[in-house]
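Quick note on the numbering used here: the sequence shown kicks off at -17 and runs consecutively. Structure record follows, encoded as C-alpha cells.
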Amino acid sequence: MSEANTETLQYRCDGPEEAPVLILGPSLGTTWHMWDRQIPELVRQWRVVRFDLPGHGGAPAQPATSVAELTDRLLATLDELGVQRFGYAGCSIGGAIGTDLALRAPHRLASLALIASSPRFGTADEFRQRGVIVRTNGLDPMARTAPERWFTPGFAAAQPAIVEWAVQMVRTTDAASYVGACEALASFDVRADLGRVGVPTLVLVGSEDRVTGPAEARHLVAGIPDARLAVVPGASHLAPVEQPAAVTDLLVRHFSTSWQAVSDSSTGMAALAAPPVVPALAAPAAPAPAAHAVPPGAAVPAGPGDTAAPHAAALHAPGAAAHAPGAVLHGPGAVPPGAAPAGAVPPGAVPAGTVPVPVPAPGGAPHAAAAPGAAQAAAAHTAGPLVAEPAAAGRPDPYDAGMKVRREVLGDAHVDRAMAAADDFSGDFQELITRYAWGEVWTREGLDRRTRSAVTLTALVAGGHLDELAFHTRAALRNGLSPAEIKEVLLQTAVYCGVPAANSAFRVARRVILEETTPEA
C-alpha cells in the first residue's frame, strides 16, 4: 500500500459498541455535523461512525485527489477500529465513496445508501474550473453560493441559522483540500461499472436538487441491479439537513431490511476473509489501540425536537443493544463537536406526508458510457509515416494515455472542439500531437504539470503563438499555477524573449485569467 493510502480520516463514533456498524459519509464542504439530526434514531440500532473529508471540520489538511484515495483512507481508518463489515450511507462525494466501496471492497459492505449522488458529477471541466476559482479567490465564493446549491429557497429563507452554519462550514475548510476533492470529483466516472454493484442499494434524492437531481438518481437505479429509488419532496442537495425526519425514516427502513448477513457476527467486528478475486485492504495484524472517550458534555447536545419519530420495534436490526449510546472522537487533529454551538442544525419543518415510500427500481441494463476520447480514437486517422504506431516491440501505444492527459490539462470542451473539427486533412495532425506531444512528453515523470505549464508558456511567448498561449494559460491555471505565478513567468519572458513579445502575452494572459478566475455573480 502506498504511503498516501496509509493515512486515515478524522472520525467520530456514537452508539453501542456491540451494535452493527453504520458509516455516514459527508458532502463536499460539510462536516460530520450534517448528520446530527439522524444520530438519535440511528444509534438505537447501530454503532454509527461519521468521518470528515481531509481539511474539513478541522481535520488535517492532507488533500486527496481521487475518490479511490478517499476510499482507501476510510478503509484504513476502519481497519484501525477493527471494523470489517459495515453498512454505508454517503451524501454527494460521500456517495461516490460508497459506490467505490461497492466496486472495490464488496466483501466488506453489508448495505448501501447513495444520497444526492451520481455515477458522474457534472463534467470534469466544471470541477477543475471550480478548483481554479478557489485557488485564486479562496473559499469565499463557494461559501456565498452554498445555500442556493444546498437548500430550497423557502427553507433558506425560513432557517437563517442553518444558512449561516452552512456558509461557515465551507469558509473554514482548507482550500487545498477542497480543490483536491474537486479533482477527485472531476475524475470520477463509474457509469460503465454500475452493473457490478452487488449490494442492496437505496438511492435517495431531493425532489428539488439542482446539483445531482432525480435524473442522476434514476441513472443510478437503472444501472445498479438491486437498487430502489426514494424521492424526498421539498428537499434540495443536503436532504439530511433540510428534511431530517424523512431521510432518517428511509435510512432506518433500508438498513433494517436490506442488511446482507455474511458473518456470524452482527457487529462486523470479526475478521472477514476477502474473496480471492477482489483486492481489498486486509485487517491489521494486531488490534488498534482503543479510542479515547469524550469527556461528559463534550458532544453536541440535540436540541428540542431533534429526535426523529420512533420506529416500530420490528425494524430493529438483529443484535442491536439497548443500553445508552456512547460517543467517541478520534483522528489526527480531531476536534470535539462541542466546538460548534449546541443545536447548530436547528430542526427544519417537515410538512405532513413528505415521507415517501421507496419505489422498486425499474429493470434494465446499466448505461455503459465510452471513456472520454474513445469515439475520437476510433475515428482517428492512422495512415501516414508520421503517425505510425511506435515501432518498439511490446511498447504500449501512448495514444490513450496522451488523450487522457490532454483532456485533463486542456479540458474536455477544448479537446472535443479540436477533434470534431478534424477532417481528412487535419486528422493525422490531431493524432500526432495526442500520441507524441501528450502521450510521450506530457506523461513523463521528470517534471510535474505545473513546471511543464511554465515551460510551455515561455516557449509560446518566444514563438509569438498567442492563440496557443490563450488556451495554455487556461491549462496553467488548471494545473495549479496562480495568476501571480503566471505573471512572474511572463516577466521572465520580457527579459529573455523580448519586451514586445511579453507585452502581447500579458494582454492575452490577463484576459484569460479574468475570464477564468472571476466568480459567477
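Beta carbons are placed, not taken as given, at the ideal position from N, Cα and C, and that holds for glycine.
Exposure label - residue i; buried when at least 16 CB within 10 Å
{"i": "T194", "result": "buried"}
{"i": "L202", "result": "buried"}
{"i": "L496", "result": "exposed"}
{"i": "G188", "result": "buried"}
{"i": "G(-3)", "result": "buried"}
{"i": "I144", "result": "buried"}
{"i": "P182", "result": "buried"}
{"i": "H312", "result": "With a pLDDT of 49 at H312, under the threshold of 50, the predicted position of this residue should be treated as unreliable, and no value is reported."}
{"i": "G279", "result": "Confidence at G279 is low in this model, with a pLDDT of 38, below 50, so the placement of that residue should be treated as unreliable; the coordinate-derived value is given next. With fewer than 16 Cβ atoms within 10 Å of its Cβ, G279 is classed as exposed."}
{"i": "F407", "result": "exposed"}
{"i": "Y70", "result": "buried"}
{"i": "N461", "result": "buried"}
{"i": "H447", "result": "exposed"}
{"i": "R198", "result": "The sequence shown places Glu at residue 198, not Arg. Buried is the call here."}
{"i": "G76", "result": "buried"}
{"i": "A209", "result": "buried"}
{"i": "T239", "result": "exposed"}
{"i": "P2", "result": "buried"}
{"i": "G113", "result": "buried"}
{"i": "V214", "result": "buried"}
{"i": "V481", "result": "exposed"}
{"i": "Y478", "result": "exposed"}
{"i": "P129", "result": "buried"}
{"i": "L121", "result": "buried"}
{"i": "V229", "result": "buried"}
{"i": "L429", "result": "exposed"}
{"i": "A78", "result": "buried"}
{"i": "D231", "result": "buried"}
{"i": "G177", "result": "exposed"}
Continuous alpha helix (DSSP H) stretch holding residue i: start and end
{"i": "G7", "result": "No alpha helix (DSSP H) contains G7, which is instead part of the beta strand (DSSP E) from V3 to G7."}
{"i": "D122", "result": "D122 to W132"}
{"i": "V203", "result": "P196 to G205"}
{"i": "G69", "result": "First-last for G69: F68 to C73, but that is the beta strand (DSSP E), not the alpha helix (DSSP H)."}
{"i": "Q141", "result": "Counting along the chain, Q141 falls outside any alpha helix (DSSP H), and DSSP gives it neither H nor E."}
{"i": "Y478", "result": "P465 to Y478"}
{"i": "Y160", "result": "A157 to A168"}
{"i": "D405", "result": "That residue, D405, is in no alpha helix (DSSP H); it is neither H nor E in DSSP."}
{"i": "E23", "result": "I21 to L24"}
{"i": "F109", "result": "A106 to N119"}
{"i": "N485", "result": "V481 to T499"}
{"i": "E62", "result": "V49 to L63"}
{"i": "S238", "result": "P226 to T239"}
Endpoints, beta strand (DSSP E) assigned at residue i
{"i": "V504", "result": "The first residue shown for the chain is -17 and the last is 503, placing residue 504 beyond what the model contains."}
{"i": "D(-4)", "result": "Y(-7) to D(-4)"}
{"i": "S93", "result": "L91 to I97"}
{"i": "R210", "result": "A209 to V214"}
Bridge partner(s) assigned by DSSP for residue i
{"i": "Y381", "result": "Answer is none; Y381 lacks a bridge partner."}
{"i": "F33", "result": "Y(-7)"}
On the three-pair Cβ rule with 8 Å, is the region 29 to 39 touching the region -8 to -1?
yes
Does the region 81 to 99 come close enough to the region 218 to 237 that 3 or more CB-CB pairs lie under 8 Å?
yes
Contact between the region 80 to 91 and the region 428 to 443: three or more CB pairs below 8 Å?
no
Three or more C-beta pairs below 8 Å linking the region 483 to 494 and the region 453 to 464:
yes
Per the contact definition of three or more C-beta pairs closer than 8 Å, is the region 130 to 144 in contact with the region 222 to 237?
yes
For the 8 Å Cβ check, are there 3 or more pairs between the region 399 to 416 and the region 466 to 479?
no
Just checking, does the region 48 to 61 make contact with the region 164 to 175 on the three C-beta pairs under 8 Å criterion?
yes
Unbroken stretches of the alpha helix (DSSP H), 4 residues or longer, contained in the region 410 to 450:
431 to 445
Pairs of beta-carbons, one from the region 414 to 421 and one from the region 379 to 389, closer than 8 Å: are there three or more?
yes
Decide if the region 5 to 19 is in contact with the region 144 to 156; the criterion is three or more beta carbon pairs, one per stretch, under 8 Å apart.
yes
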